[in-house]
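Participant:
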Amino acid sequence: MKKYDIKSTDKETLRKWYYLMTLGRMIDEKAPAYLLQSLGWSFHAPYAGHDGIQLAMGQVFTRGEDFFFPYYRDLLAALSAGMTAEEIILNGLSKATDLTSGGRHMSNHFAKMEWNIQNISSATATQDLHAVGVARAMAYYGHKGVVIASHGESSVSEGFVYEAINGASTEQLPVIFVIEDNGFGISVPKKDQTSNPKVAANFSGFKNLKIIYCNGKDVFDSMNAMAEAREYAITKHNPVIVHANCVRIGSHSNSDKHTLYRDEDELAYVKAADPLQKFRRMLLRYERFTEDELKKIEEEAKKELSAANKRAIAAPDPDASTVLDYVLPEPYKPKVYVDGTHNQEGEKKNMVTAINETLKAEFRHNPDTFLWGQDVANKDKGGVFNVTKGMQQEFGVKRVFNAPIAEDYIVGTANGMSRFDPKIRIVIEGAEFADYFWPAVEQYVECTHEYWRSNGQFVPNITLRLASGGYIGGGLYHSQTLEGALTTLPGARIVYPSFADDAAGLLRTSLRSKGFTLYLEPKAQYNAVEAATVVPDDFEVPFGKARIRREGTDLSIITYGNTTHFCLTVADRLAKEFGWNVEVMDLRSLIPLDKEAIFESVKKTSKALIVHEDKVFSGFGAEIAAMIGEEMFRYLDAPVQRVGSIFTPVGFHPNFEKAILPGEERIYKAAKSLLEY
Amino acid sequence: MKKIGLFYGASTKKTAAIAQQIQEAFGEADLEIVPIESAWKKEFLTYNYLIVGTSTWFDGELPTYWDEIIPELTSLELQDKKVAIFGLGDQINYPDNFVDGIGLLADAFEIAGAQLVGLTSADGYSFNHSQALKDGKFLGLALDVENQPKQTEKRIHDWVEQLRKEFS
């Protein structure tokens, strides 16, 4: 027995639906007018033709229990979930009081974080991974509810959608993936996307997954499908795909002209299937409403739109002086080791032990900590380098577990799980080796955007660990270091320790901080004697605090990671051979960068050599060199020099590796040349 | 022979053209045309024999003019009625939902208790999937005027002859 139909659904419910659909369509049709008047809403993706399923998603969404990830075409869904016309227009006009982002995010992205209507990317369907992450938290904390994530059929071609559905099926999580199938990805017809006309059929072999097909243009069919999906997801603890057949009556967006690729017959055909008109005809034909009653509802909607419009237009615009707000949240501030140094004596520990013990200590300290990644937890194996050894045994399979070989999934679900509760702290091994992290870069970007894009309403609390760098004979795919590529993205802290104590201290600080931290581990140092140090049990290192590992007055070598050790050896050699006193600064944090310490050192020595493992060309050292050149030029007695990899991949044969990665000889030569300048 | 009601969308072109051919084959006197846009309980109860025509929209849906009356249709008691369905489809461009409309209407009329007649062989067609197919037979007359136009006239003629017998 279907729950909803035209004959038995109560009149008040029908009235509410017709009101929402009418109001939604009025806003949908008015949106382009704002652009014509130069008031904003420059991106608008009309939803007309998706009315049934969007109404149903919003009606089924249960505030206080569910999370909802609407995509950029889901105007009616947001309205139906409870957002007001004014809130919708505030977003469209990018006002300071826009609930999504205060005007930071593109228009037509509707969110209300306090109700768990989530702020999502324009890279549509990336939110599927976030939905799975939230559902994982719901399962862990025993929360009754579902996560609804929606998008078009074309984005199902993306690999991360497969990853999300596969993961929800494997982990048996209550996610409803709604596919709003309107037949087009902008201009690309769906036959060019996949072979099945109903893309949900591609997932028919997935265990634990229910697939419900519905007519997304029909209110009742959509309501029944969504109600069934929610009940199934909650009672069976399993995911559901709701495939809703829709039509796109308008263009993809206001920058698209669909008459370039759609003919008149097709446009007339989809217009004839207009869901709002169909619903209206049915209300009359089945004598549920009279023409006068419907006109009265339409008048009420018109009045609400008019009032909302006036208020939204009068709302304040964003203040550009706030542009630097919410790039990064305030970090945890160490209380004992304020500058991240110590003088403790005792037994030295290698870096892998320091990281392992710190992780365990922090997991004991905070029960809302989780760790996952590839290979991190299978009996006695704890990661490719055994960094997480023993953690699953101590903290259980629900807090420490393996992830599929899907890097985007690892990062995206961490982002999602963070959304459930700000108390959660997540550690992920982003990939087996940093070299394999590239598929996850899209989700990395999302993590960097969240805080700023949500106007400070949400930040993922993630420590992303990557075994990085070369010097192990690993060749092209076991030697990469990614900081050159990733430091250009605002919104992540990036740290790169060289020694065991700093590795422990930075990790502890990261796990106690709000926000997203990329934690790069120089894997060549995991078991290296030279990186082993005494590590105080409670050691902490603040972000953005460099450490002078060797004091000097003749030259500043600024470095981090693997090359710190080479630089220290070279400094000792130069002192021994020539009596030069070289200062070696280990940056430890790249973002935030300890500019003050760099400038202090350069002011003192008047010469700067920047050394890192990454390529010289466009490497992170270029930024430091430019900074010194721009702001410290008057203190310099010689041009700033850089040493790093040559501009090739890292070759496998030792002869290649030696020729490519910077080593002591290259650093020695550059330092000596600078000292003699 | 008692009067037969011929139901189809009055605003259609191809379906209407087929309906006209069916009417001619039967002889105009025996058939009354009923626009589906205005059909309701009374119209369905008027005739003992119904011929209903539909196309298939999108990925296997009924056109709105049919879809909108399904709740009414399925609530009727049509136990004493015989219903024959014809449907238009395109085997080449929509092979995954060829004449699904026939199957969807068949479901609705069966819920209402009507007896389906005019079932036809699926031989001579090539498609992947159809909701109109049951036990190897179409639940009505499947026509493909796009790809098999030359066969349409004979298919209609044969079907009408079949209905003359089954309607008696």
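Chains as they are written, first to last, in the numbering used here: chain A, -18 to 658; chain B, 224 to 391. Backbone N, C-alpha and C fix where the C-beta goes; we use that ideal spot for every residue, glycine too.
Since A:R530 contacts A:T545 with CB under 8 angstroms, what's their CB separation in whole angstroms?
Facilitator: Sure, about 6 angstroms apart at Cβ, within 8 angstroms.
Participant: Under a Cβ-count criterion, where at least 16 other Cβ atoms within 10 Å of its own Cβ denotes burial, should B:M224 be classed as buried or exposed?
Facilitator: In this predicted model, B:M224 has a pLDDT of only 45, less than 50, meaning its place in the structure is not dependable enough to derive any value.
Participant: On the three-state DSSP scale, how would you describe A:N147?
Facilitator: Helix at A:N147.
Participant: Going by DSSP in three states, A:Y194 sits in which element: helix, strand or coil?
Facilitator: Correct three-state label for A:Y194: strand.
Participant: Counting only beta-carbon atoms, is A:P630 nearer than 8 angstroms to chain B?
Facilitator: No, because no Cβ of chain B sits closer than 8 angstroms to the Cβ of A:P630.
Participant: Quick check on A:M119: does DSSP put it in helix, strand or coil?
Facilitator: In this structure, A:M119 counts as helix in the three-state DSSP scheme.
Participant: Spatial neighbours of A:A104 within its chain, please: C-beta separation below 7 angstroms, excluding the five flanking residues on both sides.
Facilitator: If we look at A:A104 and ignore the five residues flanking it on each side, its Cβ neighbours are E423.
Participant: Are the Cβ atoms of B:I325 and B:N370 separated by less than 8 angstroms?
Facilitator: The answer is no: Cβ separation not under 8 angstroms.
Participant: Listing by chain order, which chain A residues have their CB less than 7 angstroms from the CB of B:T287?
Facilitator: Simply A253, A254, K259.
Participant: Helix, strand or coil for B:M224 per DSSP?
Facilitator: For B:M224, the pLDDT reaches just 45, beneath the cut-off of 50, and the residue's location in the model is therefore unreliable, leaving the point undetermined.
Participant: Of all the residues that make up the segment 261 to 282 of chain B, which are near chain A by a beta-carbon distance shorter than 9 angstroms?
Facilitator: Cβ contacts with chain A: W263, W280, F281, D282.
Participant: Cutting at 6 angstroms between CB atoms, please list the residues of its own chain near A:A484, excluding the five before and the five after it.
Facilitator: Around A:A484: M332, A335, I336, P478.
Participant: Report all residues from its chain with a CB closer than 8 angstroms to the CB of A:E328; omit the five preceding and five following residues, and keep chain order.
Facilitator: The answer, listed in chain order, is V515.
Participant: Can you name the residues of chain B whose CB is closer than 9 angstroms to the CB of A:R262?
Facilitator: Simply T287, E291.
Participant: A:N89: buried (16+ other C-beta within 10 angstroms of its C-beta) or exposed?
Facilitator: Buried.
Participant: Is A:N100 near A:S435, with beta carbons less than 8 angstroms apart?
Facilitator: Closer than 8 angstroms, so yes.
Participant: Go to A:A640, then tell me how far its alpha helix (DSSP H) extends in each direction, as first and last residue.
Facilitator: Run containing A:A640: 635 to 641, per the alpha helix (DSSP H) assignment.
Participant: Decide if the segment 292 to 301 of chain B is in contact with the segment 206 to 213 of chain A; the criterion is three or more beta carbon pairs, one per stretch, under 8 angstroms apart.
Facilitator: No, they do not touch.
Participant: Excluding the 5 residues preceding and the 5 following A:R406 in the sequence, name in chain order all residues of the same chain whose CB lies nearer than 7 angstroms to its CB.
Facilitator: The answer, listed in chain order, is N347, D349, T350, N442, L492.
Participant: Report the neighbours of A:N196 on chain B: residues whose CB is nearer than 8 angstroms to its CB, in chain order.
Facilitator: Ordered by position in chain B, the residues that pass the 8 angstroms Cβ test against A:N196 are E284, D290.
Participant: At the level of alpha carbons, what is the spacing between A:L60 and A:K191?
Facilitator: Distance between the alpha carbons of A:L60 and A:K191: 27 angstroms.
Participant: Are the Cβ atoms of B:Q246 and B:L229 separated by less than 8 angstroms?
Facilitator: Yes.
Participant: Comparing the C-beta of A:P178 with each C-beta of chain B, is any distance below 8 angstroms?
Facilitator: Cβ-Cβ to chain B under 8 angstroms: yes for A:P178.
Participant: Can at least three beta-carbon pairs, one atom from the segment 280 to 297 of chain A and one from the segment 50 to 70 of chain A, be found at a separation below 8 angstroms?
Facilitator: Cβ pair count under 8 angstroms is three or more, so yes.
Participant: Against chain A, with Cβ distances strictly below 8 angstroms, would B:M224 count as a contact?
Facilitator: With a pLDDT of 45 at B:M224, under the threshold of 50, the modelled position of this residue cannot be trusted, and the question is left open.
Participant: Do you know how far the Cα of A:W22 is from the Cα of B:K373?
Facilitator: Answer to the nearest angstrom: the Cα atoms are 53 angstroms apart.
Participant: Between A:I70 and chain B, is any beta-carbon pair separated by less than 8 angstroms?
Facilitator: Answer no: the Cβ-Cβ gap between A:I70 and chain B never drops below 8 angstroms.
Participant: Look up A:V402 in the DSSP assignment and give the residues it is bridged to.
Facilitator: Before going on, a small fix: residue 402 of chain A reads as Asp here, not Val. In DSSP, A:D402 forms no bridge with anything.
Participant: May I ask you to verify whether the segment 290 to 305 of chain A touches the segment 459 to 476 of chain A, counting CB pairs closer than 8 angstroms and requiring at least 3?
Facilitator: Too few Cβ pairs lie closer than 8 angstroms, so no.
Participant: According to DSSP, simplified to helix, strand and coil, what is A:E502?
Facilitator: A:E502 falls in the strand class under three-state DSSP.
Participant: According to DSSP, simplified to helix, strand and coil, what is A:G465?
Facilitator: Three-state DSSP puts A:G465 in a helix.
Participant: First and last residue of the alpha helix (DSSP H) that includes A:E161?
Facilitator: Where A:E161 is concerned, there is no enclosing alpha helix (DSSP H), although the beta strand (DSSP E) it sits in stretches over 156 to 162.
Participant: Between A:T322 and A:F50, what straight-line distance do the alpha-carbon atoms span, to the nearest angstrom?
Facilitator: Their Cα atoms are separated by approximately 44 angstroms.
Participant: With a Cβ-Cβ cutoff of 8 angstroms, do A:V223 and A:G397 count as a contact?
Facilitator: No. Outside cutoff.
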